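Counting in full-length UniProt numbering, the sequence shown runs without a single skipped number right up to 228 at its last residue.
The structure under discussion appears below in the form of structure tokens.
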Amino acid sequence: MNQPSVESNLSEIQQNIRDACHNVNRSVEEVKIIAVTKYVSTERAQEAINSGVKHLGENRDDGFLKKWDAISNEATWHYIGTLQSKKVKNIIGKVDYIHSLDRKSLAEEIHKRAEKAVKCFIQVNVSGEDSKHGLAPEEVPGFIKTISDLHNIQIVGLMTMAPFTEEEELLRNCFRGLKSLQQEIQSMNLPFAPCTELSMGMSNDYKIAIEEGATFIRIGSALVGNEQ
Ligand SMILES: *Cc1c(COP(=O)(O)O)cnc(C)c1O
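Next comes the structure, spelled out in structure tokens:
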């Protein structure tokens, strides 16, 4: 195995973040990197933390628990994958952010199991592809109203996955769609839904996502690699 260190990947990504922020007059402090460690070992996740990464993301409960046991309080933990309601009890109290809230039954389960408010992103299927999870954009304001009595749910932001394409305009439109939905939700002025964050951008498209307003980028392959 001969892959670049997380540290060298990170410094390249940080340079790209600075460039993207500079292009649109944003401050680099507004953009946080989540190292997505689902493809890699606990050792590689630890290497990311040692290199200065603060946020780790996993998309399965078993992978998350394995790394959480070893690394736990050195990181802020993000659950970024589709979440089955029956898996909530395994991760609740350990995970700091859930990026994949997409239905009322899941919100109810999180609310029931949590001892304090859980920071959640609503996953939105902006591109409309059948293969993608998430609510349609027009469903989101109504969905938020239906969970207003679940006081253990805090809607900190919106999350999307862009289409798998190199076409910049398609990517940009997707990220813009999420940004404009965020503004709509913020104008609802709901105390439990400040919706200040946008979780968008992965290895292939994070520069564009930053230019369109991302505050959390989720980077796997380009940062930690994608093989054990
Ligand atoms: C795997 C994954 C990522 C990271 O993907 P890369 O292309 O390897 O950066 C980001 N977000 C979600 C939801 C993922 O499942």
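All C-beta atoms, glycine included, are put in the ideal place defined by N, C-alpha and C.
Since the structure is predicted, the reported quantities are computational estimates derived from the model, not experimental observations.
Residue i beta carbon near ligand 1 (any heavy atom closer than 7 angstroms)
i, result
"G63", "no"
"G81", "yes"
"K38", "yes"
"M202", "yes"
"M218", "Per the sequence presented here, residue 218 reads as Arg, with Met not at that position. Yes."
"N59", "yes"
"N9", "no"
"N50", "no"
"A222", "yes"
"N125", "no"
"N226", "yes"
Segment limits, beta strand (DSSP E) that includes residue i
i, result
"K32", "K32 to V36"
"R172", "It is not in any beta strand (DSSP E) - R172 instead sits in the alpha helix (DSSP H) that spans E168 to Q186."
"T76", "T76 to Y79"
"I157", "According to the sequence as given, residue 157 is Gly; it is not Ile. First-last of the beta strand (DSSP E) with G157: I153 to M159."
"V118", "V118 to Q123"
"H99", "Y97 to L101"
"S199", "E197 to S199"
"R218", "F216 to I219"
"H55", "H55 to E58"
Identity of the residue in the options nearest residue i by Cα
i, options, result
"M188", "S148, R44, D102 and A117", "S148"
"P191", "F216, K145 and C174", "K145"
"N59", "K32, C21, S51 and S100", "S100"
"A209", "E139, D69 and I33", "I33"
"S127", "M159, N73, L106 and S8", "M159"
"A45", "I217, E29 and E74", "E74"
"L150", "I217, E129, K104 and L181", "K104"
"F143", "I122, E30, A35 and F175", "I122"
"V53", "Y97, A114, T37 and P141", "T37"
"L65", "Q154, S27 and K87", "K87"
"I110", "A35, H22 and I153", "I153"
Distance between beta carbons of residue j and residue i, contact taken as under 8 angstroms
i, j, result
"P137", "G177", "6 angstroms"
"G93", "H78", "Rounded, the Cβ-Cβ distance is 15 angstroms, inconsistent with contact."
"G134", "V124", "5 angstroms"
"A20", "K179", "Rounded, the Cβ-Cβ distance is 15 angstroms, inconsistent with contact."
Extent of the continuous alpha helix (DSSP H) to which residue i belongs
i, result
"Q14", "V6 to N23"
"Y39", "Careful: Y39 lies outside any alpha helix (DSSP H) and carries neither H nor E."
"V140", "V140 to T146"
"H133", "Unbroken run through H133: none, as it is neither H nor E."
"S85", "Element bounds for S85: n/a, residue is neither H nor E."
"L65", "D61 to I71"
"I210", "Y206 to E211"
"L150", "Segment: none, L150 is in no alpha helix (DSSP H) and carries neither H nor E."
"E108", "K104 to R113"
Buried versus exposed call for residue i [16 or more other C-beta atoms within 10 Å across all chains shown]
i, result
"L198", "buried"
"Q15", "exposed"
"N9", "buried"
"Q182", "buried"
"L106", "buried"
"T196", "exposed"
"K67", "buried"
"H55", "buried"
"A70", "exposed"
"R218", "buried"
"G213", "buried"
"V224", "buried"
"V156", "buried"
Residue i beta carbon near ligand 3 (any heavy atom closer than 7 angstroms)
i, result
"M188", "Summarising the ligand content, the structure contains ligand 1 and does not contain ligand 3."
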